[in-house]
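Mapping of the sequence shown onto full-length UniProt numbering: position 32 corresponds to residue 32, and the numbering continues sequentially without gaps.
Yeah, the Cβ is synthetic: ideal placement off N, Cα and C, and Gly gets one too.
Shown next, in structure tokens, is the structure this report addresses.
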Amino acid sequence: MTSSLKDRLDAAAAITETRLAAALGDAALPGERLRPERLMGAMRHGALGGGKRLRPFLVIEGAALFGLTAEAAVTAATAIECVHCYSLVHDDLPAMDDDDLRRGRPTVHKAYDEATAILAGDGLLTLAFDLLAGEDAHPDPAVRIALVRALARAAGIGGMVGGQMLDLAAEGRFSGGTPLAHGEDAIRDLQAMKTGALLAVSAEAGALLGGADAGQRAALLAYGRALGAAFQIADDILDVEGTAEEVGKKVGKDAAAGKATLVSRLGLPEARRLLDRLVAEAADALAPFGARGQILAEAARFVAARRS
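Given below as structure tokens:
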């Protein structure tokens with residue numbers, strides 16, 4: 001990772017952390033009666049003080065292509081990060097992936113309890129749309145509506161939630177415990193929904209915030225989709241080759257659970273070649289932005305090479 005990319009990632013993470021912390025304060029907002037102390041503690045445990053904040057970075061850098069400051073994009077970026085954090089809290093539950101460790105710390109249901117973790121995830125999800133509805137997300141109500149719809153579609157039935165259902169089915173949850181045999185196309189659909197959709201909408205959100213034309217929006221969406229696919233393959237490779245200390249969570253779980261991954265389907269050498277092609281595809285999608293898209297192209301290379 002170059003120092004320039006690191007500085008931009010760090011800056012996006014810092015401004016997002018500040019906005020998240022403010023959104024997760026203890027004081028009740030207009031329309032709220034009170035904020036339960038245990039719930040707020042669990043939400044902060046699941047959302048603050050960890051992670052690369054890649055999704056907020058994509059929002060902020062995408063918006064920067066159109067001249068917007070990080071301050072102008074951070075509320076929308078924080079909303080998407082709330083959805084991401086909710087998904088991690090729920091994915092870690094015993095009924096889902098049953099993980100005890102996340103970002104090197106106990107998962108929310110281990111630090112608190114399962115019921116509190118479910119409610120903390122629910123709280124983060126609904127907070128995301130609260131944030132997007134406010135004028136600080138964008139002064140134009142039409143843009144805010146577009147952001148709400150794009151995020152809802154990416155996070156919902158045909159996106160992340162639907163992808164999680166496909167993932168559970170692939171493990172054999174609903175077929176007597178026998179993992180289902182999936183072809184490459186089916187695995188790509190599953191991963192594009194479960195992981196890729198939220199990364200893609202992060203890039204698209206920058207275009208929406210910046211008033212992009214249809215071609216520019218399509219370019220950022222294509223970039224985000226390729227990046228999302230690359231991210232998942234890199235994650236699957238890390239599950240095979242990484243250590244718990246590097247990754248911050250248990251490794252080797254995909255094979256043990258019989259998960260449908262491109263690594264298991266194609267083998268490591270071919271999966272690596274596909275990863276390289278996706279990184280190139282992401283960079284090519286940024287062509288309409290010329291040199292201004294360089295930092296996003298570098299982010300795609302970083303995603304492919306990461307060890308955590």
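Spatial neighbours of residue i within its chain, please: CB distance less than 6 Å, with the 5 preceding and 5 following residues excluded, ordered by chain position.
| i | result |
| --- | --- |
| H109 | L93, A117 |
| L180 | A170 |
| R292 | L65 |
| A73 | V59, I60, A63, L209 |
| A13 | R53 |
| E281 | A226 |
| M1 | F302 |
Would you decide whether residue i is buried or exposed? Buried here means 16 or more other CB atoms lie within 10 Å of its CB.
| i | result |
| --- | --- |
| A299 | buried |
| S264 | buried |
| G210 | buried |
| L34 | exposed |
| E32 | exposed |
| A230 | buried |
| L268 | exposed |
| I60 | buried |
| L48 | exposed |
| residue 309 | Here the chain comprises residues numbered 1 to 308, so residue 309 is not present and cannot be evaluated. |
| D167 | buried |
| G25 | exposed |
| D239 | buried |
| G46 | buried |
| A150 | buried |
| A27 | exposed |
| A287 | exposed |
| A214 | exposed |
Between the Cα of residue i and the Cα atoms of the options, which residue gives the shortest distance?
| i | options | result |
| --- | --- | --- |
| L124 | I80, G49, F231, D113 | I80 |
| residue 316 | H84, I60, G267, M43 | The structure shown does not extend to residue 316, since the chain is modelled only from 1 through 308, so no value can be given for it. |
| residue 309 | K259, L151, A283, L54 | The structure shown does not extend to residue 309, since the chain is modelled only from 1 to 308, so the question has no answer here. |
| E114 | T126, R103, R105, M96 | M96 |
| A42 | I15, L88, A12 | L88 |
| R55 | V201, L220, G104 | V201 |
| L5 | F57, G177, Y86 | F57 |
| E120 | R38, D98, D140, A186 | As written in the sequence, residue 120 is Ala, which differs from the Glu given in the question. That would be R38, whose Cα lies nearest to the Cα of A120. |
| A305 | E281, A282, I237, M40 | I237 |
| R307 | F174, Q294, E281, D235 | D235 |
| D136 | E71, G177, T2, R188 | E71 |
| R44 | L127, M1, T178 | L127 |
| V143 | A21, A212, E184, D91 | A212 |
| C82 | Q216, D276, A21 | A21 |
| I187 | G176, H90, A271, P36 | A271 |
Answer yes or no: do residue i and residue j have a C-beta to C-beta separation smaller than 8 Å?
| i | j | result |
| --- | --- | --- |
| T75 | L29 | no |
| L65 | F302 | no |
| A226 | L296 | no |
| L220 | E204 | yes |
| A23 | T69 | no |
| G206 | A11 | no |
| L198 | A154 | yes |
| R53 | T18 | no |
| R8 | G50 | no |
Among residues of its own chain, excluding the 5 on either side of residue i, which ones have a beta-carbon nearer than 7 Å to its beta-carbon?
| i | result |
| --- | --- |
| D100 | P106, T107, K110 |
| G196 | R225, G228, A229, Q232 |
| Y86 | G121, L124, L125 |
| M40 | L24, D26 |
| G177 | none |
Is residue i close to the ligand GTP? I mean its beta-carbon at under 7 Å from any heavy atom of the ligand.
| i | result |
| --- | --- |
| R277 | With respect to the ligand GTP, the structure offers nothing, as it holds no ligand at all. |
Using a Cβ-Cβ cut-off of 8 Å (strictly less than) and excluding sequence neighbours within five positions of residue i, which residues of its own chain qualify?
| i | result |
| --- | --- |
| L274 | I233, L262, L266 |
| V148 | F129, L132, A133 |
| A285 | A219, L220, A222, Y223, A226 |
| E184 | L262, R265, L266 |
| residue 309 | Outside the displayed range of the chain (1 to 308) lies residue 309, so it cannot be described from this structure. |
Subject >> Touching by the beta-carbon criterion (3+ pairs, under 8 Å), the region 159-173 and the region 188-196 >> reply: A contact exists between the region 159-173 and the region 188-196.
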